[in-house]
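Novice: As numbered in this note's numbering, the sequence shown has no gaps in its residue numbers, which increase by one up to the final residue, 500. We put the CB at the ideal spot given by N, CA and C, even for glycine. Mind looking over this structure? Questions follow.
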Amino acid sequence: MDLLSLSAVELSAAIREGKTTAPAALEAVLTQIDRTEETYHCYVTVDRERAQEKAYRVQRQIESGALTGPLAGVPMAVKDNLCTEGLRTTCASRILENFVPAYTAEAVRRLEEAGAVLVGKTNMDEFAMGSTTETSCHGVTRNPRNPNHVPGGSSGGSAAAVAAGECYFALGSDTGGSVRQPAGYCGVVGMKPTYGTVSRYGLIAYASSLDQVGPLTRSVSDCAAVLEIISGHDLKDSTSIERRDTDFTGALRADAEGLRIGLPRDYFGEGIMPEVKEAVLRAAQILRDRGAVVEEFDLGLVQYAIPTYYTIASAEASSNLERFDGVKYGYRAERTQGLDDMYRKTRSQGFGAETKRRIMLGCFVLSTGYYDAYYLKALKVKGMIKRAFDRAFAQYDLILGPVAPTTAPLLGENLEDPMSMYLGDIYTVSANLAGLPGICVPCGSDARGLPVGLQLLGNCFQEKKLLQAAYAFEQVWNMRN
Numbered sequence: 020m021d022l023l024s025l026s027a028v029e030l031s032a033a034i035r036e037g038k039t040t041a042p043a044a045l046e047a048v049l050t051q052i053d054r055t056e057e058t059y060h061c062y063v064t065v066d067r068e069r070a071q072e073k074a075y076r077v078q079r080q081i082e083s084g085a086l087t088g089p090l091a092g093v094p095m096a097v098k099d100n101l102c103t104e105g106l107r108t109t110c111a112s113r114i115l116e117n118f119v120p121a122y123t124a125e126a127v128r129r130l131e132e133a134g135a136v137l138v139g140k141t142n143m144d145e146f147a148m149g150s151t152t153e154t155s156c157h158g159v160t161r162n163p164r165n166p167n168h169v170p171g172g173s174s175g176g177s178a179a180a181v182a183a184g185e186c187y188f189a190l191g192s193d194t195g196g197s198v199r200q201p202a203g204y205c206g207v208v209g210m211k212p213t214y215g216t217v218s219r220y221g222l223i224a225y226a227s228s229l230d231q232v233g234p235l236t237r238s239v240s241d242c243a244a245v246l247e248i249i250s251g252h253d254l255k256d257s258t259s260i261e262r263r264d265t266d267f268t269g270a271l272r273a274d275a276e277g278l279r280i281g282l283p284r285d286y287f288g289e290g291i292m293p294e295v296k297e298a299v300l301r302a303a304q305i306l307r308d309r310g311a312v313v314e315e316f317d318l319g320l321v322q323y324a325i326p327t328y329y330t331i332a333s334a335e336a337s338s339n340l341e342r343f344d345g346v347k348y349g350y351r352a353e354r355t356q357g358l359d360d361m362y363r364k365t366r367s368q369g370f371g372a373e374t375k376r377r378i379m380l381g382c383f384v385l386s387t388g389y390y391d392a393y394y395l396k397a398l399k400v401k402g403m404i405k406r407a408f409d410r411a412f413a414q415y416d417l418i419l420g421p422v423a424p425t426t427a428p429l430l431g432e433n434l435e436d437p438m439s440m441y442l443g444d445i446y447t448v449s450a451n452l453a454g455l456p457g458i459c460v461p462c463g464s465d466a467r468g469l470p471v472g473l474q475l476l477g478n479c480f481q482e483k484k485l486l487q488a489a490y491a492f493e494q495v496w497n498m499r500n
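Dropping the structure here:
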């Protein structure tokens with residue numbers, strides 16, 4: 020049996036049926052890591068010994084009947100901004116390079132309780148600030164579909180690990196598309212749930228009102244299984260929501276009957292790569308063939324999403340990252356003279372260029388004389404964007420479009436032009452501003468073989484409709500490819 024060819028759900032079923040074991044699955048993943056990690060650099064830390072101990076423990080629990088869930092025994096990876104007790108969590112920043120948390124993030128804890136085996140922590144853009152996984156202090160991650168290209172970001176390490184077979188599924192965080200965009204670039208499935216569906220406890224914050232933990236998987240079925248486990252109210256997170264409609268695997272149907280899907284004209288204008296446009300429109304036709312009604316419409320306000328997002332996100336980042344000053348934990352500069360000098364040198368040496376840029380922008384838009392002109396105005400536009408989506412969802416169940424205007428750029432291409440990197444998030448940031456769920460599934464490739472991602476957006480708490488449409492599309496796509 021080729022274990023690495025199985026999905027997470029298929030692997031767990033094979034383990035429960037006695038066809039393979041959790042230690043054998045872990046060994047297959049570790050062997051793949053040894054084979055490919057030097058090229059792709061998906062991980063910051065691989066926790067071999069604890070993973071092996073956990074795999075044997077989980078195997079005994081499966082054999083005794085104590086663990087029967089759909090992910091028991093499955094090796095997983097976690098983005099390095101989700102805290103893990105006893106295992107360093109760096110946010111890909113020098114300022115946290117030796118930080119070892121005393122607790123585990125709630126989403127990770129729930130998966131481990133369900134029997135998933137944590138392999139290690141994946142690389143990311145520093146403090147999740149970036150779209151290419153090139154701002155990490157640990158070095159760049161490469162796209163397994165073509166190592167000369169970026170894997171996307173900021174959850175690029177998680178997406179690349181899934182695509183490279185270095186884990187069966189992974190967790191990422193999505194602040195402005197950081198799960199969906201790398202999923203599109205790497206040709207895997209990535210989902211951002213409705214804000215509040217998954218606990219943010221243990222997620223080191225970038226922008227607290229926008230951040231949401233989400234899965235990166237090999238299939239829509241895997242995505243639904245992971246989401247079922249990590250969803251739900253958490254007393255430790257005041258923004259988490261009590262939901263009773265989390266039977267996400269029950270929403271997987273091979274048809275799209277009854278779904279009304281809107282196709283925003285705004286998403287297919289200037290700036291989109293022709294091959295991306297063609298692949299997404301072909302995907303829309305497949306959903307029509309599966310029973311959905313697909314219509315074009317005008318969404319509006321798309322051009323305001325990027326400036327609104329970066330104003331709000333940078334403002335929140337400047338506040339959230341204030342705690343990293345060298346006093347209580349993390350990196351501290353040496354040979355300093357007084358408290359102010361220690362602050363200045365620690366932050367200058369500990370933060371990377373992109374993180375500094377966003378902290379400075381955030382401080383500027385919150386400063387006296389500019390708060391009303393920038394930050395307050397951005398909050399008002401955020402409300403307008405939410406109302407535009409409300410009008411759209413009064414007509415449609417889902418909104419369909421590309422996840423990014425292009426396929427994965429070459430390594431280094433966007434670092435030289437940060438504005439190009441920011442504009443790459445044009446189709447994803449609106450979902451975070453409005454708190455909406457979204458999913459990305461592979462729907463084609465360009466002439467170089469780089470994947471194209473299809474994005475579906477739903478109204479708040481409509482993950483089941485997203486999963487239904489994504490699964491219906493995936494069934495046809497898999498048969499044709």
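Determine the direct distance from the alpha carbon of L23 to that of L469, and round the result to whole angstroms.
Specialist: So the alpha carbons of these two residues sit roughly 21 Å apart.
Novice: Looking only at C-alpha atoms, which of T426, L485, W496 sits nearest to F267?
Specialist: Nearest of T426, L485, W496 to F267, Cα basis: L485.
Novice: Within 8 Å (strictly less), CB to CB, does E247 reach chain D?
Specialist: Of the protein chains in this structure there is only one, and it is not chain D.
Novice: Taking G37 as the reference, which of H60, G84, Q474, T109 has the closest Cα?
Specialist: The shortest C-alpha separation from G37 is found at G84.
Novice: Please classify H252 as buried or exposed, where buried requires at least 16 neighbouring CB atoms within 10 angstroms.
Specialist: H252 is exposed by the Cβ-count criterion.
Novice: Can you grab the Cα-Cα spacing for the pair K211 / P234, in whole Å?
Specialist: Distance between the alpha carbons of K211 and P234 is about 8 Å.
Novice: If distances are taken between C-alpha atoms only, which option among Q481, Q494, N500 comes closest to R262?
Specialist: Nearest of Q481, Q494, N500 to R262, Cα basis: Q481.
Novice: Can you give me the C-alpha to C-alpha distance between L271 and A178, rounded to a whole angstrom?
Specialist: One C-alpha to the other measures close to 23 Å.
Novice: What does a CB cutoff of less than 7 Å around K401 pick up in its chain, not counting 5 residues either side in sequence?
Specialist: The answer, listed in chain order, is T327, I331, L452.
Novice: Where does C462 fall in DSSP's three states?
Specialist: If DSSP states are grouped into helix, strand and coil, C462 belongs with the strands.
Novice: Indicate whether L278 and A334 have their beta-carbon atoms separated by less than 8 Å.
Specialist: No.
Novice: Do the CB positions of L45 and A70 come within less than 8 Å of each other?
Specialist: Yes; because the gap between Cβ atoms is below 8 Å, this pair is in contact.
Novice: Which first and last residues belong to the beta strand (DSSP E) in which A96 is found?
Specialist: First-last of the beta strand (DSSP E) with A96: 94-98.
Novice: Tell me, which residues are paired with I280 by DSSP?
Specialist: I280 is bridged to V313, L417.
Novice: Which value, in whole angstroms, describes the spacing of the CA atoms of A121 and T103?
Specialist: Rounded to whole angstroms, A121 to T103 spans 8 Å at the Cα level.
Novice: Below 8 Å on the Cβ atoms is my contact criterion, and I expect Y441 with Y323 to pass it. Report the Cβ-Cβ distance as a whole number of Å.
Specialist: About 13 Å separates the two Cβ atoms, so there is no contact after all.
Novice: Tell me the residue span of the alpha helix (DSSP H) that contains S333.
Specialist: 324-339 is the span of the alpha helix (DSSP H), which, as asked, contains S333.
Novice: Nearest to N165 by CA position, among G371, T55, N100, D193, is which residue?
Specialist: Per the Cα distances, T55.
Novice: May I ask you to report which of helix, strand or coil DSSP gives M210?
Specialist: In the structure shown, M210 sits in a strand (DSSP, three-state: E or B).
Novice: Does the Cβ-Cβ distance between N478 and F412 come in under 8 Å?
Specialist: Their beta carbons are under 8 Å apart, which means N478 touches F412 by this criterion.
Novice: With DSSP as the reference, label V400 as helix, strand or coil.
Specialist: Three-state DSSP puts V400 in a helix.
Novice: Between L306 and A491, how many whole angstroms is the CB-CB distance? I'm expecting something under 8 Å.
Specialist: Correct: roughly 7 Å between the Cβ atoms.
Novice: If the criterion is Cβ atoms closer than 8 Å, does the pair T265 and S250 meet it?
Specialist: Yes, they are a contact pair.
Novice: Please name the residue, chosen from G288, T141, D241, A96, that lies closest to E493 on a Cα-to-Cα basis.
Specialist: Checked all of G288, T141, D241, A96; the closest Cα to E493 is D241.
Novice: Alpha carbon to alpha carbon, how far is F316 from R342?
Specialist: So the two alpha carbons sit approximately 45 Å from each other.
Novice: Count Cβ pairs between the segment 183-191 and the segment 73-83 that sit closer than 8 Å; are there 3 or more?
Specialist: At 8 Å Cβ cutoff, the stretches do not touch.
Novice: Taking the CB atoms as reference points, tell me whether P421 and Y214 lie closer together than 8 Å.
Specialist: Against a cut-off of 8 Å, the Cβ pair of Y214 and P421 comes out as no contact.
Novice: Where do the N-terminal and C-terminal ends of the alpha helix (DSSP H) with G175 fall, by residue?
Specialist: Where G175 is concerned, the enclosing alpha helix (DSSP H) stretches over 175-182.
Novice: Under three-state DSSP, which class holds A47?
Specialist: Residue state, collapsed to three classes: helix.
Novice: How many Å lie between R309 and R467 at the Cα?
Specialist: Going from the Cα of R309 to the Cα of R467 covers about 29 Å.
Novice: How is the alpha helix (DSSP H) around Q494 delimited, first residue to last?
Specialist: Note, Q494: alpha helix (DSSP H), 482-499.
Novice: My output table needs one value for V169: the three-state DSSP class, helix, strand or coil.
Specialist: Of the three classes helix, strand and coil, the one that applies to V169 here is coil, per DSSP.
Novice: Should the segment 151-165 be called in touch with the segment 391-406, which here means at least 3 C-beta pairs below 8 Å?
Specialist: Contact fails: fewer than three Cβ-Cβ distances are below 8 Å.
Novice: Suppose contacts are defined by Cβ-Cβ distances below 8 Å. Is A91 in contact with R35 by that definition?
Specialist: Yes.
Novice: Contact check, Q474 vs G281 under 8 Å by CB: the rounded distance?
Specialist: Rounded, the Cβ-Cβ distance is 13 Å, inconsistent with contact.
Novice: Report the rounded CA-to-CA distance for T152 versus E145, giving the unit in angstroms.
Specialist: C-alpha separation (whole angstroms): 8 Å.
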